[in-house]
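Following: one structure in structure tokens, then a few remarks.
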Ligand SMILES: [Zn+2]
């Protein structure tokens, strides 16, 4: 039983978007991704630890773990703009200062979770110029990170995706699906919420262009999971993961539920 490591694409700086695969390569697959919003980089630690935790388990289906969908943004939020000399001046202008600890976007100031082809540009709070968060980009999938994840999703057609964000200990699953799909997805959301002790939120709250939204549009069950209690504020740091350890086993629990359904 091994771990396959690879890259699903590169950003404008050449950084790889890394991927670990566990479990069977044939048949049903899942995608678990984190680190899409720069300031939520602790979700990258969580997804890495999930893969490590589950590496010797007999998984009922294949799981692609993508710990850091936005590696440039996560680096920016943790270290500041000095490590990107070609981009630093523009980034500081967009950000209105040199403290990037609350930055969510990629290096082009595009919020990847508003850049997917899912009612693109119609979301509550969407912006149309580069910003630390909420800028939709020039067109759907204008960004290398969005393209890489959308391409992987279309290629492997997972039965389910899980997207990690922070904070609030809430789970979202809706994006206009109806009938059996809605019931199926709500059931998975309920299961995750009950296991984690999080709140399941009905409705899409004006979301558009998100990865979860994109997956639901393709008929794929998709959860957005916001870790860390709402009593905390950004920026978060590694100790905030201490209370979120139940998430380490969540992909296994969802995989077992999907396999038996
Ligand atoms: Zn987020």
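In the numbering used here, the protein residues as written are 365 to 625.
No residue lacks a Cβ here, since even glycine has one placed at the ideal position from N, Cα and C.
Note that the structure is a prediction, hence the values are computed from the model and not measured.
Proximity to residue 510 [Cα-Cα], best of 376, 542, 368, 367:
Within the chain shown, the letter at position 146 stands for residue 510. Residue 510 has its Cα closest to that of 376, out of 376, 542, 368, 367.
Going by Cα to Cα distance, which pick from 441, 402, 414 is closest to residue 609?
Position 245 of the chain shown, counted from the start, is the residue given in the question as residue 609. Minimum Cα distance to residue 609 is reached at 414.
Residue closest to residue 514, alpha-carbon to alpha-carbon, out of 528, 479, 486, 391:
Here residue 514 is taken as the residue at index 150 of the chain shown, counted from 1. Cα-wise, what sits closest to residue 514 is 479.
State the DSSP-derived secondary structure class of residue 600, mapped to helix, strand or coil.
Along the chain shown, read from residue 1 onward, the residue named residue 600 stands at position 236. Residue 600: coil per DSSP, three-state reduction.
Give me the Cα-Cα distance between residue 525 and residue 372, rounded to the nearest whole angstrom.
By one-based count along the chain shown, residue 525 stands at place 161. By one-based count along the chain shown, residue 372 stands at place 8. Going from the Cα of residue 525 to the Cα of residue 372 covers about 16 Å.
Please classify residue 579: is it buried, with 16 or more other beta-carbons within 10 angstroms of its beta-carbon, or exposed?
If you number the chain shown from 1, residue 579 lands on position 215. Result: buried.
Comparing C-alpha positions only, which one of 481, 482, 500 sits nearest to residue 489?
What you label residue 489 is simply residue 125 of the chain shown in a count that begins at 1. Here the closest residue by C-alpha is 500.
In terms of residue numbering, what span does the beta strand (DSSP E) encompassing residue 368 cover?
Counting from 1 along the chain shown, the entry for residue 368 is found at position 4. Here the beta strand (DSSP E) through residue 368 covers 368–374.
Under the three-state reduction of DSSP, which class applies to residue 588: helix, strand or coil?
Here residue 588 corresponds to residue number 224 of the chain shown, with the count starting at 1. In the structure shown, residue 588 sits in a strand (DSSP, three-state: E or B).
Helix, strand or coil for residue 516? Go by DSSP, reduced to three states.
Numbered from its first residue, the chain shown carries residue 516 at position 152. Looking at residue 516 - three-state DSSP - the assignment turns out to be helix.
Cutting at 8 Å between CB atoms, please list the residues of its own chain near residue 520, excluding the five before and the five after it.
Numbered from 1 along the chain shown, position 156 holds the residue referred to as residue 520. Counting only Cβ-Cβ distances below 8 Å, and skipping sequence neighbours, we find 393, 395, 428.
Three or more C-beta pairs closer than 8 Å, one from the region 445–452 and one from the region 542–556: is that the case here?
no
According to DSSP, simplified to helix, strand and coil, what is residue 411?
Residue mapping note: residue 411 aligns to position 47 of the chain shown, counting from 1. Three-state result, residue 411: helix.
Taking buried to mean at least 16 other C-beta atoms within 10 Å of its own C-beta, is residue 443 buried or exposed?
Residue 443 sits at position 79 when you count from the first residue of the chain shown. Counting Cβ neighbours within 10 Å, residue 443 comes out exposed, since fewer than 16 surround it.
For residue 565 and residue 558, the rounded distance between their alpha carbons
Within the chain shown, numbered from 1, the residue matching residue 558 stands at position 194. Within the chain shown, numbered from 1, the residue matching residue 565 stands at position 201. Between residue 558 and residue 565, the C-alpha separation is close to 12 Å.
Which of helix, strand or coil DSSP assigns to residue 581:
In the chain shown, counting from the first residue as 1, residue 581 sits at position 217. Helix, per DSSP.
On the criterion of 16 or more Cβ atoms from any shown chain inside 10 Å, does residue 447 qualify as buried, or is it exposed?
As a first step, residue 447 is located in the chain shown; it is residue number 83 there, counting from the start. The residue in question, residue 447, is exposed, as its Cβ has fewer than 16 Cβ neighbours within 10 Å.
Boundaries of the alpha helix (DSSP H) in which residue 432 is found, first to last residue
Stepping through the chain shown from its first residue, residue 432 is reached at position 68. Careful: residue 432 lies outside any alpha helix (DSSP H) and carries neither H nor E.
Going by Cα to Cα distance, which pick from 523, 618, 436 is closest to residue 468?
The count along the chain shown starts at 1 and reaches residue 468 at position 104. Comparing Cα-Cα distances from residue 468 to each of 523, 618, 436, the minimum goes to 436.
As assigned by DSSP and simplified to three states, the class of residue 439
For the purposes of this step, residue 439 is taken as the residue at position 75 of the chain shown. In this structure, residue 439 counts as helix in the three-state DSSP scheme.
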